[in-house]
Each structure stands twice: as C-alpha cells, then as structure tokens.
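See structure below.
2 protein chains.
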Amino acid sequence: MNEDDDLGALCAGAGRALAEAERPVLERHGLSMWQYVVLSALAPGAAPSQLVLAQQIRYDKTRLIGLLDTLEAAGLVAREPDPTDRRARVVRLTAEGARRHAAVRAAIREVEEGKLAGLPAETRRLLRSGLAHLANTD
Amino acid sequence: MNEDDDLGALCAGAGRALAEAERPVLERHGLSMWQYVVLSALAPGAAPSQLVLAQQIRYDKTRLIGLLDTLEAAGLVAREPDPTDRRARVVRLTAEGARRHAAVRAAIREVEEGKLAGLPAETRRLLRSGLAHLANTD
DNA sequence: CCGAACGATACGCAGGTGCTTATCATTTGT
DNA sequence: ACAAATGATAAGCACCTGCGTATCGTTCGG
Numbered sequence: 006m007n008e009d010d011d012l013g014a015l016c017a018g019a020g021r022a023l024a025e026a027e028r029p030v031l032e033r034h035g036l037s038m039w040q041y042v043v044l045s046a047l048a049p050g051a052a053p054s055q056l057v058l059a060q061q062i063r064y065d066k067t068r069l070i071g072l073l074d075t076l077e078a079a080g081l082v083a084r085e086p087d088p089t090d091r092r093a094r095v096v097r098l099t100a101e102g103a104r105r106h107a108a109v110r111a112a113i114r115e116v117e118e119g120k121l122a123g124l125p126a127e128t129r130r131l132l133r134s135g136l137a138h139l140a141n142t143d
Numbered sequence: 006m007n008e009d010d011d012l013g014a015l016c017a018g019a020g021r022a023l024a025e026a027e028r029p030v031l032e033r034h035g036l037s038m039w040q041y042v043v044l045s046a047l048a049p050g051a052a053p054s055q056l057v058l059a060q061q062i063r064y065d066k067t068r069l070i071g072l073l074d075t076l077e078a079a080g081l082v083a084r085e086p087d088p089t090d091r092r093a094r095v096v097r098l099t100a101e102g103a104r105r106h107a108a109v110r111a112a113i114r115e116v117e118e119g120k121l122a123g124l125p126a127e128t129r130r131l132l133r134s135g136l137a138h139l140a141n142t143d
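Those sequence lines, one after another, are chains B and D. Each step along the first sequence adds one to the number in the working numbering, with nothing skipped, and position 63 is 68. Each step along the second sequence adds one to the number in the working numbering, with nothing skipped, and position 13 is 18.
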C-alpha cells in the first residue's frame, strides 16, 4: 500500500504525472510551463516588480528577464515603469494575455478533471486542502 | 482559496516544501536525495537489473551507474551478476545499507509527521490515497 | 547633495538532467 | 554457429538551473 511510500515521493510522483499530462496541452497553446506559471501569477493582478514576481513563482530573477522579454514580444504581458519608483517595472497581463491564460487554464483544468476521475468529491476536497497545508507550512 | 490553484501547482509546492524540509535530514545522514531514493527502492527487495531500477525510480540509466558506484563504495549496496543472465547486475542493499535506510526513513517520517501536524487522520488518509491515485494514472 | 542601497539587465560559471553514441560481454533467435 | 539484440559502462552533448558579478539608472538616508 502507499503507507510504505514517503509523502515526498508521492507528491513527486503525482506532480510528475500531472506535468507530463499537461505538457501536450501547453505545447498545443504554444506556452512553456514557466510562461504559464507567469501568466497564472499575473492573472489575479499585476506584479509590483519583476523581483517580487520572481520570488512569488520561485524562479530565478535574472532568468525571469528573458522569460518576460518573450512574453512581452508575444503581446501577452506588458512592462511599465512604476510611477512611484521608476526603477521597478510593474508587470501585468495584456487583454490578449488574459485571454490566452483563461483558455490554457480551462484546458488544463479539463486534464486535471480527467486525472481525478473516479475520486469522490470529498477526497478531492481534502486532497486540495492537504496539499495547500503542506505547501504553506514553509 | 486553493480552488484558484492548479493541482499541478499545489503538488509542486507541497513537493518542494517537503524536499526542502527533508534536505537537512538527508545531509545529516550523508545521503543525497537520489541516493535515498535508490535505497528506498531496494528496501522491499533487490532489483533484478540496473535498467529496471533506473526505470523504477525514473532516473537516467547511464547516470545511475555512477550513483551505484558511490553507494557500493560506501558499502550500502552490492552489485552481483545475475546467475541466469550474466549481462545483468542484481542490485541489493547490504546489511549496512538496510540499517542506514531504516534510520533515514524514520527521521524523514518524523519530519513529515511535523508537516502533517494539525491535519485530521481522515485528511491524511485521503491525501495519501489521492496522491497515489494521481501518481498511478500515468 | 552625495554615497549607499536597490531594481533591471547582461554575462558567465558550475552543477544537474536527459539523451545519444560507442564499446564490450553476454544472450537469444534462426 | 552466427547475426541481432541486450545490459553495463564511458564519454560527450544540449539544455536548464541557481548563483555570483558587473553595469546603469533611480531612490533614499544622513
């Protein structure tokens, strides 16, 4: 039974399985995993600076630059100097970026639904809350 | 709420948090994450060949060689030619390897218990079964 | 007002990853 | 019995990752 497995191993296995299932979806929409992560992070609201965005998604701040370059060139995000601190760049989704993100997110949700097929609603709920608890006990 | 997050993002977050919490434990016992994974894979029984071991733990088969070299030099695993097919090497834990694995595993279980603190038994159970379901729906 | 701190950017380094190719010993199918 | 396949191994590759350094413009404290 899974009583023998480490929780870490289980999380890694589940995460890998999900990532593998989602990769084709992302490819079909022309986005890399990290690009999708950035769009997801910006969906609830603009990031006050690239630095906090990098910390938020746990991505290297110097590599985020090139990632944003690509997304900006694709018209999915916009960088604007923060009026209150012109060193910082506020990063936000463009209308097109919000549209693309919503579309990809819907497709990914479908894949996840498929993976969850067969699990009772109660299990799904506790799975989410359990994972959130583990992730937030940093 | 966590209803907003992708399952993949939740798994990644939880997995990362667990890995970070377990790294100091592994370091204290002088093992890398992958070395521990190998020991864990061998604990239930010897691997019939290095190739199947690599596939089992999803590690590159050519890199596994060096990993096993280290573990063998440390006296934790043993490689013996399979009598029925002398191309293959059977990999098994040594007595010392089994002891080390049990010790590290106990320490890791403690960490995981700490992370799970506050979650009711039912949630833990469903969390495990939910993760196992996701991981096995490859 | 000026030096220290800070954000964005460019660049290179070291380590880890999966993948490919080549070699050698062994097994297997015909 | 011989060619093809297979497992272990070595070596090299292309990529990704985090990290450190340097530069430049901007901000802020004394």
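Note that CB positions come from ideal geometry on N, CA and C, so glycine has one too.
>> Let me make sure I understand the geometry here. Which of B:M38, B:P53, B:D11, B:A24 has the alpha-carbon closest to that of D90 (chain B)?
In response: Counting from 1 along the first sequence, the entry for residue 90 (chain B) is found at position 85. The residue from B:M38, B:P53, B:D11, B:A24 with its alpha-carbon nearest to that of D90 (chain B) is B:P53.
> How would you label I70 (chain D), buried or exposed, when you count the other beta carbons within 10 angstroms and need 16 or more for buried?
Replying inline: Here residue 70 (chain D) corresponds to residue number 65 of the second sequence, with the count starting at 1. That one is exposed.
> To which residues does DSSP link P29 (chain D) through a beta bridge?
Replying inline: Taking the first residue of the second sequence as 1, we reach residue 29 (chain D) at position 24. Among the bridge pairs identified by DSSP, P29 (chain D) is matched with none.
> Are the Cβ atoms of V109 (chain B) and V42 (chain B) separated by less than 8 angstroms?
Replying inline: Position 104 of the first sequence, counting from 1, holds the residue named residue 109 (chain B). Position 37 of the first sequence, counting from 1, holds the residue named residue 42 (chain B). Contact flag unset, no.
> Whose Cβ in chain D lies nearer than 9 angstroms to the Cβ of G50 (chain B)?
Replying inline: If you number the first sequence from 1, residue 50 (chain B) lands on position 45. Result: empty, since nearest Cβ-Cβ is about 12 angstroms, beyond 9 angstroms.
> Buried or exposed: where does K120 (chain B) fall if 16 or more other Cβ atoms within 10 Å of its Cβ makes it buried?
Replying inline: Along the first sequence, one-based indexing puts residue 120 (chain B) at 115. Buried, by the Cβ-count rule.
> Applying a beta-carbon distance threshold of less than 7 angstroms, which residues of chain D neighbour L69 (chain B)?
Replying inline: Here residue 69 (chain B) refers to the residue found at position 64 when the first sequence is read from its first residue. In chain order: nothing, as chain D lies at least about 17 angstroms away.
>> Closer than 9 angstroms between beta carbons: that is the criterion. Which residues of the segment 24-37 of chain B meet it against chain D?
In response: Flagged, chain order: A24, E25, A26, E27.
> Which whole-angstrom value describes the C-beta separation of L23 (chain B) and G13 (chain D), a residue pair presumed to lie in contact below a C-beta threshold of 8 angstroms?
Replying inline: In the first sequence, the residue the question calls residue 23 (chain B) occupies position 18. In the second sequence, the residue the question calls residue 13 (chain D) occupies position 8. Sure, about 4 angstroms apart at Cβ, within 8 angstroms.
> Checking contacts by CB at 8 angstroms: is A111 (chain B) closer than that to chain D?
Replying inline: As a first step, residue 111 (chain B) is located in the first sequence; it is residue number 106 there, counting from the start. No, A111 (chain B) lies away from the interface with chain D (no Cβ there is under 8 angstroms from its Cβ).
> Between which two residues does the alpha helix (DSSP H) carrying D9 (chain D) extend?
Replying inline: By one-based count along the second sequence, residue 9 (chain D) stands at place 4. Unbroken run through D9 (chain D): none, as it is neither H nor E.
> Using a Cβ-Cβ cut-off of 8 angstroms (strictly less than) and excluding sequence neighbours within five positions of Q60 (chain B), which residues of its own chain qualify?
Replying inline: The count along the first sequence starts at 1 and reaches residue 60 (chain B) at position 55. Counting only Cβ-Cβ distances below 8 angstroms, and skipping sequence neighbours, we find K66.
> Under 8 angstroms between C-beta atoms, does K120 (chain B) make it to chain D?
Replying inline: As a position in the first sequence, residue 120 (chain B) is number 115, starting the count at 1. Cβ-Cβ to chain D under 8 angstroms: yes for K120 (chain B).
> Since R68 (chain B) contacts R84 (chain B) with CB under 8 angstroms, what's their CB separation in whole angstroms?
Replying inline: By 1-based counting over the first sequence, the position of residue 68 (chain B) is 63. By 1-based counting over the first sequence, the position of residue 84 (chain B) is 79. So it is not a contact: roughly 16 angstroms between Cβ atoms.
>> If you measure between the beta carbons of L139 (chain B) and A19 (chain D), is that distance less than 8 angstroms?
In response: Residue 139 (chain B) sits at position 134 when you count from the first residue of the first sequence. Residue 19 (chain D) sits at position 14 when you count from the first residue of the second sequence. With a cutoff of 8 angstroms on beta-carbon distance, L139 (chain B) and A19 (chain D) are scored as near each other.
> Mind checking if R133 (chain B) is an interface residue toward chain D, Cβ cutoff 8 angstroms exclusive?
Replying inline: For this step, residue 133 (chain B) is matched to residue 128 along the first sequence. So, interface residue.
> Can you round the beta-carbon distance between E27 (chain D) and V116 (chain D) to whole angstroms, since I take them to be within the 8 angstroms contact cut?
Replying inline: Here the question's residue 27 (chain D) lines up with position 22 in the second sequence. Here the question's residue 116 (chain D) lines up with position 111 in the second sequence. That belief holds up - the Cβ atoms of E27 (chain D) and V116 (chain D) are roughly 6 angstroms apart, short of 8 angstroms.
> Since H20 (chain B) meets chain D, which of its residues come closer than 7 angstroms, beta carbon to beta carbon?
Replying inline: Within the first sequence, numbered from 1, the residue matching residue 20 (chain B) stands at position 15. The identity of residue 20 (chain B) in the sequence shown is Gly, whereas the question assumes His. Result: G13, C16, A17, G20.
>> Less than 8 angstroms between the C-beta atoms of V96 (chain D) and L73 (chain D), yes or no?
In response: Taking the first residue of the second sequence as position 1, residue 96 (chain D) is located at position 91. Taking the first residue of the second sequence as position 1, residue 73 (chain D) is located at position 68. Going by beta carbons, V96 (chain D) and L73 (chain D) fall inside the 8 angstroms limit.
> How about H106 (chain D) and A48 (chain D): do their beta carbons lie closer than 8 angstroms?
Replying inline: The residue labelled residue 106 (chain D) in the question sits at position 101 within the second sequence. The residue labelled residue 48 (chain D) in the question sits at position 43 within the second sequence. Contact: yes.
>> Quick check: the Cα distance between Y64 (chain B) and A122 (chain D), rounded to an integer number of angstroms?
In response: Mapped onto the first sequence, residue 64 (chain B) falls at position 59. Mapped onto the second sequence, residue 122 (chain D) falls at position 117. Cα to Cα, the separation comes out at about 29 angstroms.
> Span of the beta strand (DSSP E) holding R84 (chain D)?
Replying inline: Counted from its first residue, the second sequence places residue 84 (chain D) at position 79. Annotation: the continuous beta strand (DSSP E) that includes R84 (chain D) extends over 82-87.
>> I'd like to confirm the pairing. Which residues does DSSP put opposite L98 (chain B) in its beta bridges?
In response: Position 93 of the first sequence, counted from the start, is the residue given in the question as residue 98 (chain B). According to DSSP, which records beta bridges pairwise, L98 (chain B) is partnered with B:V82.
> Is there a Cβ from chain B that is less than 8 angstroms from the Cβ of L124 (chain D)?
Replying inline: If you number the second sequence from 1, residue 124 (chain D) lands on position 119. A Cβ of chain B is located within less than 8 angstroms of the beta carbon of L124 (chain D).
> From the beta carbon of G136 (chain D), is the nearest beta carbon of chain B less than 8 angstroms away?
Replying inline: Locating residue 136 (chain D) in the second sequence gives position 131, counting from the first residue. Note that residue 136 (chain D) is Leu in the sequence shown here, rather than Gly. For L136 (chain D), the answer is yes, since a Cβ of chain B falls inside 8 angstroms of its Cβ.
> What residues in its chain sit with their C-beta under 8 angstroms from that of L76 (chain B), if we drop five residues either side in the sequence?
Replying inline: As a working note, residue 76 (chain B) is residue 71 in the first sequence. Here L76 (chain B) has Q40, V43, L44, V82, G102 as same chain residues with Cβ atoms under 8 angstroms from its own Cβ, once five neighbours each way along the sequence are excluded.
>> Just to confirm before moving on: does the CB-CB distance between L15 (chain B) and R133 (chain D) stay below 8 angstroms?
In response: Numbered from its first residue, the first sequence carries residue 15 (chain B) at position 10. Numbered from its first residue, the second sequence carries residue 133 (chain D) at position 128. Here L15 (chain B) is near R133 (chain D), since their CB atoms are less than 8 angstroms apart.
>> Against A140 (chain B), what residues of chain D qualify as contacts under a CB-to-CB distance less than 7 angstroms, listed in chain order?
In response: Taking the first sequence and counting its residues from 1, one reaches residue 140 (chain B) at position 135. L15, G18, A19, A22, listed in chain order.
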